[in-house]
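FYI, the working numbering numbers position 34 of the sequence shown as 1126, with every residue one higher than the one before it.
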Amino acid sequence: MLIGIPSTHPGGLEAAFGAHFGHCDLYTVVEVADGQVKEVRTLPSVPHQQGGCMAPVQYLADNGVKILLASGMGMRPLMGFNQVGIDVYYAGNAPTVGAAVEAFIAGQLQQFTQEFTCGGGGR
């Protein structure tokens, strides 16, 4: 399974967790199998101007992401992730990408629901 995580430069497991999925520096993509990290790579982020807040949603789906770990997003992209088959989990307290991934693997993250959404734009 491929997990996408909003990240700060330069990405990777040691990178700081990106505060808002649509305004992050880049995405760290982690392949997990049998509860273990198998591969780590990065994807550049895409600007909102090309398709609004749904552009990053479709971009991650096109790159095979099935799980997104996030701390902030609006209701519209959350619904978009649900529509393209990407499950979103709330990892707002994670200091690093690696910590978020480990929490997910350990079953410590809850599904991202409407109560976690913001007004959009990182607010």
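Note that beta-carbon positions come from the ideal geometry of N, C-alpha and C, so glycine has one too.
query: Cutting at 7 Å between CB atoms, please list the residues of its own chain near Gly1213, excluding the five before and the five after it.; result: Because Gly1213 sits at a pLDDT of 45, beneath the cut-off of 50, its placement in the model cannot be relied upon, and the point is left open.
query: Please state whether the Cβ-Cβ distance between Ser1099 and Ala1111 is less than 8 Å.; result: no
query: Going by the CB atoms, is the gap between Leu1201 and Ala1183 shorter than 8 Å?; result: yes
query: I need the DSSP call for Gly1114, collapsed to helix, strand or coil.; result: helix
query: Start and end of the alpha helix (DSSP H) containing Asp1154?; result: 1146-1154
query: Would Gly1096 and Val1121 be called neighbours here (beta carbons separated by less than 8 Å)?; result: yes
query: Name the DSSP bridge partner or partners of Glu1123?; result: Leu1094, Glu1131
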